[in-house]
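Reviewing the structure listed below.
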Amino acid sequence: MSLLIVGGTGTLGRQIVRKSLHEGFQVKCLVRNFRKASFLKEWGTELVYGDLTLPETIPLALCGTTAIIDCSTTRPNDLYNIELIDLKAKYILIESAIKANINHYIFFSLLNSNSYSKIPLIRLKILIEHRLRASKVNYTIFNLSGFFQGLIPQYALPILDQESVWITAESSSVPYINTQDIAMITIKSLSISQFINKSLPLVGLKTWTSSDIIKLCEKISGKRSKITTVPIYLLKFTMYLTRFFQWTWNVSTRLAFTEMLSINYDLCVSMKEILYILKLDIRDIESLENYLQEYFRRIMKKLKELNYEILNDQNINRTNF
Ligand SMILES: NC(=O)c1ccc[n+]([C@@H]2O[C@H](COP(=O)([O-])OP(=O)(O)OC[C@H]3O[C@@H](n4cnc5c(N)ncnc54)[C@H](OP(=O)(O)O)[C@@H]3O)[C@@H](O)[C@H]2O)c1
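If you count by this note's numbering, then the sequence shown holds residues 781 to 1101, one letter each, in order.
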């Protein structure tokens, strides 16, 4: 089976590329910057040029493709309009998939999207879900929440650097998951008919609030955090302010997400159905405790080695002079 992965340089995309190569798939990645994507080529993928803001570059990338995995989304610092990347380009990707007779189309949406349709990015995700359902292409929609990987810059690094951890006053419990587990499940789903034309939650096994995560990081790293609490009203004010200017529109969208994760984020969901179909045990899914333990262990080891090298250099310098 030959895969076209869109968004292969992203947090989730790169894990999906790695897993699919490991499982022996032939992989093509649609990328807009060959230099930035050179690591994907080194891993063994074929790179094809495509920019979602230039929709005419999309159809050619589908030549010889059996399945599409779309992990792309607007980057927060992207100047382009979110509607171009997360709506128009995806409509064209689906139209091209219909014409190219693609066997399976995998799309990543957001958990409980229908409850948050006022948030611009979520509204666009819902429109793409509708388009996929109407397309007659075999699709699977995985509904995601937060990634473990996003917790490193948000919590682990500031705690290690003794910098402020920014949190909102209210915080919901989010079922964070490792993108490597999302990748493992996504690739397995390609060969199982029970995933066809399904929309399923793909989330972690346990939910976490900001303070749970901070406590866990403190416990594992042995460091105390400095917490700065942002009131929700300030977040809302900034969101409305940034909405007025086109160049800050993406900032406004991201803030809307933060607000959504801070309050009323109903997450009484599980991925029981996926585990059942794939005959996976909960022990096959990584826990946040393990993930952070391993992260801090590796960082501490690196810091010790660095310190050892510095001390060694100082000793050499002392003996030389
Ligand atoms: N992050 C989360 O916590 C989260 C939560 C729920 C759902 N999701 C969903 O999961 C999926 C993956 O998210 P992610 O966080 O892994 O995304 P990400 O790290 O932000 O990566 C976005 C990808 O899209 C590509 N892209 C953006 N604009 C492009 C353009 N104009 N042309 C071609 N490629 C373009 C980027 O390529 P460049 O490297 O060239 O920029 C990158 O590969 C998305 O559908 C997202 O909505 C994410």
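For every residue, glycine included, the Cβ atom is placed at its ideal position computed from N, Cα and C.
Which same chain residues, not among the five before or five after T970, have their C-beta less than 7 Å away from its C-beta? Residue 970 sits at position 190 when you count from the first residue of the sequence shown. In the sequence on display, residue 970 carries Leu and not Thr. Once the five neighbours on either side are set aside, the close Cβ partners of L970 are M781, A847, H884.
Answer yes or no: the CB of A797 versus the heavy atoms of ligand 1, is any distance below 7 Å? Your numbering for residue 797 matches position 17 in the sequence shown. Reading the sequence as shown, one finds Val at residue 797 and not Ala. It does not: the Cβ of V797 is nowhere closer than 7 Å to a heavy atom of ligand 1.
Counting beta carbon pairs with one atom in the region 898-907 and one in the region 955-971, are three or more of them shorter than 8 Å? no
With 8 Å set as the bound, which would you pick, yes or no: does the beta-carbon of K1082 sit closer than that to a beta-carbon of chain B? No chain B appears in this structure, which consists of one protein chain only.
If you draw a straight line from the alpha carbon of L801 to that of L810, how long is it in whole angstroms? Position 21 of the sequence shown, counted from the start, is the residue given in the question as residue 801. Position 30 of the sequence shown, counted from the start, is the residue given in the question as residue 810. In a straight line, the C-alpha of L801 is about 15 Å away from that of L810.
Anticipated Cβ contact below 8 Å, Q806 with L840, distance rounded: If you number the sequence shown from 1, residue 806 lands on position 26. If you number the sequence shown from 1, residue 840 lands on position 60. Contact between Q806 and L840 does not hold, since the beta-carbon distance rounds to 17 Å and is not under 8 Å.
Between which two residues does the alpha helix (DSSP H) carrying I994 extend? Numbered from its first residue, the sequence shown carries residue 994 at position 214. That run of the alpha helix (DSSP H) goes 990-1001.
Reference I870; option with closest CA among S893, E836, N892: For the purposes of this step, residue 870 is taken as the residue at position 90 of the sequence shown. According to the sequence provided, residue 870 is Lys. The question's Ile does not apply to it. Comparing Cα-Cα distances from K870 to each of S893, E836, N892, the minimum goes to E836.
The alpha helix (DSSP H) enclosing V797, as first and last residue numbers: Your numbering for residue 797 matches position 17 in the sequence shown. That run of the alpha helix (DSSP H) goes 791-802.
Roughly how many angstroms lie between the CA atoms of Y1071 and P933, to the nearest whole one? Counting from one through the sequence shown, the residue named residue 1071 turns up at place 291. Counting from one through the sequence shown, the residue named residue 933 turns up at place 153. If you draw a straight line from the Cα of Y1071 to the Cα of P933, it comes to about 14 Å.
Burial state of P856, where buried means 16 or more other Cβ atoms lie within 10 Å: As a working note, residue 856 is residue 76 in the sequence shown. Residue burial annotation: P856 is exposed, with fewer than 16 other C-beta atoms found within 10 angstroms of its C-beta.
Would you say C851 touches ligand 1, meaning its beta carbon is less than 7 Å from a heavy atom? Against the sequence shown, residue 851 aligns to sequence position 71. True, at least one ligand heavy atom lies under 7 Å from that Cβ.
May I ask you to report which of helix, strand or coil DSSP gives N958? The count along the sequence shown starts at 1 and reaches residue 958 at position 178. Reduced to three states, the DSSP call for N958 is coil.
Same chain only: Cβ atoms within 8 Å of I976, ignoring 5 sequence neighbours per side: As a working note, residue 976 is residue 196 in the sequence shown. Answer for I976: H884, N918, Y919, T920, listed in chain order.
Taking only the alpha-carbon atoms, compute the straight-line gap between T791 and G1002 and give it to the nearest angstrom. On the sequence shown, position 11 is the one that residue 791 refers to. On the sequence shown, position 222 is the one that residue 1002 refers to. Each residue's alpha carbon lies about 28 Å from the other.
Within the region 880-906, note down every full beta strand (DSSP E) run reaching 3 residues or more, in order along the chain. 884-890
In this structure, how does DSSP classify A869 when only helix, strand and coil are distinguished? Your numbering for residue 869 matches position 89 in the sequence shown. A869: helix per DSSP, three-state reduction.
Going by the C-beta, is V811 closer than 7 Å to any heavy atom of ligand 1? Within the sequence shown, numbered from 1, the residue matching residue 811 stands at position 31. Yes, the beta carbon of V811 sits closer than 7 Å to at least one heavy atom of ligand 1.
Rounded separation between S944 and D1061 - CA only: Within the sequence shown, the letter at position 164 stands for residue 944. Within the sequence shown, the letter at position 281 stands for residue 1061. Distance between the alpha carbons of S944 and D1061: 37 Å.
CB I878 to CB S915, shorter than 8 Å? Position 98 of the sequence shown, counting from 1, holds the residue named residue 878. Position 135 of the sequence shown, counting from 1, holds the residue named residue 915. Yes, the pair counts as a contact, with Cβ atoms nearer than the cut-off.
Assuming T853 contacts F922 (C-beta within less than 8 Å), just tell me the rounded distance between them. What you label residue 853 is simply residue 73 of the sequence shown in a count that begins at 1. What you label residue 922 is simply residue 142 of the sequence shown in a count that begins at 1. With 8 Å as the limit, T853 and F922 do not qualify as a contact, their Cβ atoms being about 13 Å apart.
Which residue marks the beginning of the alpha helix (DSSP H) containing K821, and which one marks its end? As a working mapping, residue 821 is identified with position 41 in the sequence shown. Counting along the chain, the alpha helix (DSSP H) containing K821 begins and ends at 818-823.
Give the range of the beta strand (DSSP E) segment to which E826 is assigned. Counting from one through the sequence shown, the residue named residue 826 turns up at place 46. Element bounds for E826: 826-829.
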